[in-house]
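Colleague: I have a structure here, written as structure tokens, and I will follow up with some questions on it.
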Amino acid sequence: MNKIIKTVIIIFVIGCSTVFAFEDVFARQIDFAGQIDDPLNTTYLTANPASILYKENREIFSIKTILSDNAYKRTYDPSSSQNYSASFSSLRRINDASFFMAGISYDDLRLKDMFGSREKYFYDDYFSMIDSSTGTTAYYGPQLNLLYNVEIANDLYLGVSGNYGVERGLKDTFPKTITIMRNSIYRVGLDYRKESFSIGVHGRYYDDQTYYESVKSYSQVIAKTYIGYNVFYNELSASTSKKKRTRNGFEYGGHLRLGGEKAAALNVSVSGLHRISRSEIYTSYSKPRGLWQRQGIQVLSDLTIHVRDVVDARLYGEYLHFSDWGESLISNALVIENDESYSHAGAVLVYEPSMVQKAFLGGEIGKVAYDYKEYVFPFEDTRAGVEWKLYAGAGLYLSSKTRLNFNLEYGKEVPKFYWNTEYFQNTGVIINLEQLFSFGYIEVKFENISKKPSNGSESISIMQLGLSYRRK
Amino acid sequence: MKKTLIILSIAALVLSSCLLFENKPEAIDGNLQINLTFTVPSEEDSTVEVPVADLPVRIFTTNYNIPEQYDTTDANGFVHFDHLPYAYYTVEAHSFISTGEFTEIEVVGAKVLDLVADSLQGENVYIDSLSMESSKRGLKINEIYTSGPKNRIYYFYDLFLELYNGLSETAYLDGMVILRLSTTKDLFADTLAVTNIYQFPGTPITGRQYPIEPGEFMVLAGKAMNHNAIGPIAGLSVDLSNANWEFRNLIEPGGYDNPNVPDITTNNGKVVQKSRVDFLVGITGDGIALCDGRDYDQTDGIDINTVVDCVEYSSSETHTKEVPYSLDASFGGIGQTKYNGESLERVRPGFDTNNSRVDFVIINAPTPGYQHE
Chain A
10 MNKIIKTVII IFVIGCSTVF AFEDVFARQI DFAGQIDDPL NTTYLTANPA SILYKENREI
70 FSIKTILSDN AYKRTYDPSS SQNYSASFSS LRRINDASFF MAGISYDDLR LKDMFGSREK
130 YFYDDYFSMI DSSTGTTAYY GPQLNLLYNV EIANDLYLGV SGNYGVERGL KDTFPKTITI
190 MRNSIYRVGL DYRKESFSIG VHGRYYDDQT YYESVKSYSQ VIAKTYIGYN VFYNELSAST
250 SKKKRTRNGF EYGGHLRLGG EKAAALNVSV SGLHRISRSE IYTSYSKPRG LWQRQGIQVL
310 SDLTIHVRDV VDARLYGEYL HFSDWGESLI SNALVIENDE SYSHAGAVLV YEPSMVQKAF
370 LGGEIGKVAY DYKEYVFPFE DTRAGVEWKL YAGAGLYLSS KTRLNFNLEY GKEVPKFYWN
430 TEYFQNTGVI INLEQLFSFG YIEVKFENIS KKPSNGSESI SIMQLGLSYR RK
Chain B
8 MKKTLIILSI AALVLSSCLL FENKPEAIDG NLQINLTFTV PSEEDSTVEV PVADLPVRIF
68 TTNYNIPEQY DTTDANGFVH FDHLPYAYYT VEAHSFISTG EFTEIEVVGA KVLDLVADSL
128 QGENVYIDSL SMESSKRGLK INEIYTSGPK NRIYYFYDLF LELYNGLSET AYLDGMVILR
188 LSTTKDLFAD TLAVTNIYQF PGTPITGRQY PIEPGEFMVL AGKAMNHNAI GPIAGLSVDL
248 SNANWEFRNL IEPGGYDNPN VPDITTNNGK VVQKSRVDFL VGITGDGIAL CDGRDYDQTD
308 GIDINTVVDC VEYSSSETHT KEVPYSLDAS FGGIGQTKYN GESLERVRPG FDTNNSRVDF
368 VIINAPTPGY QHE
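In order, the protein sequence lines correspond to chains A and B.
Quick note: the first sequence uses the working numbering, first residue 10, plus one each step.
Quick note: the second sequence uses the working numbering, first residue 8, plus one each step.
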């Protein structure tokens with residue numbers, strides 16, 4: 010893989026991470042199976058800004074569309090969604106020892122037919138609020154991201170990055186619900202990097218502020234605050250209902266790489282994770298509703314072995330464990346406890362007989378365990394299960410300017426209780442077609458995931474269609 | 008410079024982690040226990056309370072969507088509820104007690120319990136006793152419909168009041184007055200402050216022209232018309248064209264009057280008010296009184312001893328009481344919404360413990376002239 014493509018991929022990964030920055034994730038979700046073409050380096054595992062490799066100036070412009078249709082959904086999920094985004098990034102080397110990157114992106118997300126939910130992602134919080142509306146919400150806004158990387162001593166790199174986004178949402182219903190979200194993420198990292206090994210530390214702090222306001226139109230706003238997923242608190246109906254959610258998170262960790270690209274490479278990262286989320290509503294004065302706190306640990310590892318000239322073997326694993334507790338600020342008492350763990354291990358063989366042909370076959374297996382309790386009205390769900398996935402795919406150049414990738418997946422997924430099924434059987438087909446034109450690359454991506462719940466014959470079908478463009 | 012930057016970054020991360028997070032609370036919600044003892048005054052000596060056995064007791068909260076709980080008192084009048092969250096609760100018990108071979112009395116025990124964490128100061132066991140009392144039977148304001156039908160044109164002119172005669176004898180409305188109360192600063196006052204006053208025709212106390220029979224409902228309409236005939240609210244409102252009475256301000260220019268429905272009037276030469284508009288009350292909050300009409304001069308307040316029935320209501324839980332405690336110990340209608348077709352009605356016809364929060368329930372649609380199921 011030449012340096013230019015590698016650079017583009019690295020930048021693309023950074024760009025992708027900012028698309029979802031409005032709701033910064035607690036733990037990085039690593040799709041090992043979807044990273045066959047990309048290097049599983051410490052940057053990908055940790056997002057450490059000090060680990061990023063870059064040698065040349067570059068500008069990238071991309072646009073993307075994702076459409077999804079949620080034929081099967083939970084109560085407060087949208088029936089479908091449309092996401093349009095555009096981004097521009099520019100990288101500049103300042104001198105031999107440092108570089109700077111700035112990027113801006115703009116997203117427009119439409120969540121259609123949201124029943125009652127005032128939240129963008131209802132199931133992402135224990136104190137979500139609903140009102141008396143069903144309708145489509147449009148979220149839109151820009152994000153700015155900056156990155157600075159400098160070699161502060163021989164082979165010792167310091168990286169600092171920041172991301173700031175503002176988003177506005179408007180629900181086309183009565184009562185009208187306006188959402189204003191402000192998100193910022195700050196990362197700092199150190200990486201001592203040699204050819205045969207690297208070691209580093211990284212930290213992340215984020216601050217999400219979300220403000221909701223429902224304004225009456227002819228009738229009062231009838232709002233309810235969920236405490237968990239089963240019990241809700243009846244808020245007093247009012248002409249205007251306001252809510253504020255503040256979420257702060259913190260991550261710290263380290264990584265180690267042994268080996269290089271020529272023989273074998275082992276990457277391991279360990280992160281400690283903390284997050285606190287507070288919700289309060291406003292009438293004539295502030296009424297705190299709840300806070301919940303999550304803390305956990307994430308371990309990611311990847312071992313890539315060059316078995317032969319044309320065969321790579323990759324072994325990987327992930328361990329994530331976290332626990333939550335939630336306090337009702339109505340009663341000042343404990344109302345929710347939750348404990349979750351995910352342990353996954355996988356292996357993939359990559360056969361690459363030439364620069365224009367590649368095939369892979371892999372599989373992963375893991376265990377998930379959920380232990381969720383609500384106390385206001387007793388509810389408990391404890392479940393554990395084994396998840397697995399088999400996948401295979403190939404990538405080849407149909408011509409000197411056309412590249413085709415396809416990926417097939419089949420697996421079993423154990424969801425949380427609110428999906429109302431013991432497990433899903435997932436079937437996935439992903440096809441990417443990329444064409445090089447004189448003005449740049451255009452990529453068409455088709456993804457269809459079928460989820461068959463264990464409790465019935467009806468399958469869930471999720472379809473995504475993406476179109477992206479990036480300059481050469 | 009670079010070292011300083013690193014040290015500052017690490018220090019900021021560590022410091023922020025210390026400042027951000029909270030301690031897990033020790034108290035667990037959903038563990039509240041309520042122990043209640045129900046008693047009734049002894050027939051031999053009313054100063055002595057005796058326990059009521061086998062009494063069905065209902066407890067519920069409107070704070071959460073949790074189910075109501077039911078239980079029955081034991082021989083000591085004791086009943087126990089547990090696994091409840093901190094909240095405001097209404098406890099209600101209703102029974103008929105035999106007082107002789109051919110007689111029985113209806114008794115009620117009802118109370119609103121403020122069992123939020125602050126009021127209990129961390130305790131999770133609440134103990135109380137309730138003395139049952141006979142349900143006050145009489146001429147009552149049984150339903151108050153003021154919040155308007157489901158609409159987007161701010162329509163609430165289909166309002167009505169409903170009276171119910173819970174007496175075993177005929178009552179007479181002659182000369183009685185209906186008051187819309189203003190805030191009474193002294194909640195132990197002996198007069199009522201009045202915003203609007205309307206009067207039935209006839210002579211107070213002695214008049215016998217306008218009877219209301221035992222068990223009869225009477226509808227007092229703001230405007231006695233078929234509101235369902237109005238386009239934007241067709242099918243969403245009520246037909247009041249056959250109401251028993253209609254409010255009418257005699258100095259209202261061009262005021263509506265249904266000639267087939269007798270009027271309850273104001274500015275009629277006896278009762279006087281400044282407002283020139285028709286009968287209106289607060290959509291989701293006000294105080295309404297029915298008085299016998301002996302005192303109809305509201306300029307110095309209406310004598311509290313003339314009150315036949317009085318109800319205070321408000322949709323806001325934090326509403327400050329405006330009606331003297333002796334007439335209504337609390338207020339009903341908490342959570343009622345505007346322009347949603349909701350109405351406020353007694354839980355049973357004429358049910359009255361002098362505590363509107365217990366006595367009234369919000370119903371999804373008005374029921375003029377009959378009781379909701």
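Virtual Cβ for every residue (Gly too), placed ideally from N, Cα, C.
Which residues in the same chain have their Cβ closer than 6 Å to the Cβ of Val288(B), if we skip the five residues on either side of it in sequence?
Modeller: Cβ within range, chain order: Thr153, Arg187.
Colleague: Taking just the CA atoms, how far does Arg65(B) sit from Phe286(B)?
Modeller: C-alpha separation (whole angstroms): 37 Å.
Colleague: Mark Asn464(A) as exposed unless 16 or more other C-beta atoms lie within 10 angstroms of its C-beta, in which case mark it buried.
Modeller: Label assigned to Asn464(A): exposed.
Colleague: Per the DSSP calculation, Val64(B) is bridged to which residue(s)?
Modeller: Partner(s): Asp78(B), Ala100(B).
Colleague: Give the straight-line distance between the Cα atoms of Ser126(B) and Tyr96(B), rounded to the nearest whole angstrom.
Modeller: For Ser126(B) and Tyr96(B), the distance between alpha carbons rounds to 13 Å.
Colleague: Return the CA-CA distance between Gly150(A) and Ile187(A), expressed in angstroms with no decimal places.
Modeller: Rounded to the nearest angstrom, the two C-alpha atoms are 13 Å apart.
Colleague: Since Asp116(A) and Pro87(A) should fall inside the 8 Å C-beta cutoff, what is the C-beta to C-beta distance between them, to a whole number of angstroms?
Modeller: Between Pro87(A) and Asp116(A) the Cβ distance is about 16 Å, and since that is not below 8 Å, they are no contact.
Colleague: So, for Gln473(A): in the same chain, excluding its five sequence neighbours on each side, which residues have a beta-carbon less than 6 Å away from its beta-carbon?
Modeller: Taken in chain order, the residues that qualify are Ile75, Ser77, Glu456.
Colleague: Express the C-alpha separation of Leu199(A) and Tyr261(A) in angstroms, rounding to a whole number.
Modeller: Approximately 12 Å between the Cα atoms of the pair.
Colleague: According to DSSP, which residues form a beta bridge with Lys367(A)?
Modeller: The partner list for Lys367(A) (beta bridge, DSSP) reads Gly404(A).
Colleague: Residues of the stretch 381-404 of chain A in Cβ contact with chain B at a cutoff of 9 Å, in chain order, please.
Modeller: Under the 9 Å Cβ criterion, the stretch 381-404 of chain A contributes Glu383, Tyr384, Val385, Phe386, Pro387.
Colleague: Assign Arg254(A) to one of three DSSP states: helix, strand, or coil.
Modeller: Three-state result, Arg254(A): strand.
Colleague: List the whole-angstrom C-beta distance separating Asp366(B) from Gly342(B), where the pair is believed to meet the contact cut-off of C-beta under 8 Å.
Modeller: That belief does not hold up - the Cβ atoms of Asp366(B) and Gly342(B) are roughly 16 Å apart, past 8 Å.
Colleague: Which class does Ile39(A) belong to by DSSP, given the choice of helix, strand or coil?
Modeller: If DSSP states are grouped into helix, strand and coil, Ile39(A) belongs with coil.
Colleague: Between Asn347(A) and Thr79(B), what straight-line distance do the alpha-carbon atoms span, to the nearest angstrom?
Modeller: Rounded to the nearest angstrom, the two C-alpha atoms are 36 Å apart.
Colleague: For chain A, find out if any of its Cβ atoms is closer than 8 Å to the Cβ of Ser321(B); answer yes or no.
Modeller: Answer no: the Cβ-Cβ gap between Ser321(B) and chain A never drops below 8 Å.
Colleague: Between the alpha carbons of Glu422(A) and Phe131(A), how many angstroms are there, rounded?
Modeller: Each residue's Cα considered, the two are about 21 Å apart.
Colleague: Under 8 Å Cβ-Cβ, which residues of chain A neighbour Lys31(B)?
Modeller: Residues of chain A passing the Cβ test: Gln302, Trp334, Glu336, Leu343.
Colleague: Okay, do the stretch 299-318 of chain B and the stretch 131-147 of chain B touch, 3+ Cβ pairs below 8 Å being the bar?
Modeller: Yes, the stretch 299-318 of chain B is in contact with the stretch 131-147 of chain B.
Colleague: Alpha carbon to alpha carbon, how far is Asn257(A) from Trp334(A)?
Modeller: Those two C-alpha atoms are separated by around 15 Å.
Colleague: Chain B beta carbons: is any one of them nearer than 8 Å to that of His330(A)?
Modeller: No, its Cβ sits nowhere closer than 8 Å to a Cβ of chain B.
Colleague: Name, going along the chain, the residues of the stretch 336-347 of chain B whose beta-carbon falls closer than 9 Å to a beta-carbon of chain A.
Modeller: Flagged, chain order: Ile341, Gly342, Gln343, Thr344, Lys345, Tyr346, Asn347.
Colleague: Among the candidates Gln307(A), Ser286(A), Asp311(A), whose CA atom is the shortest distance from the CA of Trp301(A)?
Modeller: It is Ser286(A).
Colleague: Check the Cβ of Ile103(A) against every Cβ in chain B and list those closer than 8 Å, keeping chain order.
Modeller: Result: empty, since nearest Cβ-Cβ is about 15 Å, beyond 8 Å.
Colleague: Rounded to whole angstroms, what is the Cα-Cα separation between Lys118(B) and Asp81(B)?
Modeller: Approximately 19 Å between the Cα atoms of the pair.
Colleague: Nearest-angstrom Cα distance between Val28(A) and Val34(A)?
Modeller: Here the model assigns Val28(A) a pLDDT of 39, short of 50, so the residue's position is not dependable, and the following value carries that caveat. Roughly 11 Å between the two C-alpha positions.
Colleague: Any beta-carbon of chain A closer than 8 Å to the one on Thr172(B)?
Modeller: Note that residue 172(B) is Asn in the sequence shown here, rather than Thr. Not closer than 8 Å to any Cβ of chain A, the Cβ of Asn172(B) fails to qualify, so no.
Colleague: Exposed or buried, what is Thr177(B) when buried is set at 16 or more other beta-carbons lying within 10 Å of its beta-carbon?
Modeller: By the 10 Å Cβ count, Thr177(B) comes out exposed.
Colleague: Any C-beta of chain A within less than 7 Å: which residues of the stretch 47-69 of chain B qualify?
Modeller: Per Cβ criterion, the list reads Thr69.
Colleague: So, does the CB of Val240(A) fall closer than 8 Å to a CB anywhere in chain B?
Modeller: It does; some Cβ of chain B falls within 8 Å.
Colleague: Going along the chain, which residues of its own chain have a beta-carbon closer than 8 Å to the beta-carbon of Ile112(B), five neighbours each way excluded?
Modeller: Cβ within range, chain order: Phe103, Ile104, Thr106, Ser141.
Colleague: Can you list, in chain order, the residues of its chain whose CB lies under 7 Å from that of Ile339(A), leaving out five sequence neighbours each side?
Modeller: Excluding sequence neighbours, Ile339(A) sits near Tyr242, Arg298.
Colleague: If distances are taken between C-alpha atoms only, which option among Ile103(A), His315(A), Leu155(A) comes closest to Ser114(A)?
Modeller: Taking only the C-alpha atoms, the option nearest Ser114(A) is Leu155(A).
Colleague: Using a Cβ-Cβ cut-off of 6 Å (strictly less than) and excluding sequence neighbours within five positions of Ser350(A), which residues of its own chain qualify?
Modeller: Answer for Ser350(A): His330, Ala378, listed in chain order.
Colleague: Enumerate, from N- to C-terminal direction, the unbroken alpha helix (DSSP H) stretches of 4 or more residues contained entirely within the stretch 220-267 of chain B.
Modeller: Entirely contained in the stretch 220-267 of chain B, not one alpha helix (DSSP H) run reaches 4 residues.
Colleague: Suppose you measure from the CA of Gly222(B) to the CA of Pro375(B); what does that come to, to the nearest Å?
Modeller: Going by the C-alpha atoms only, they are around 14 Å apart.
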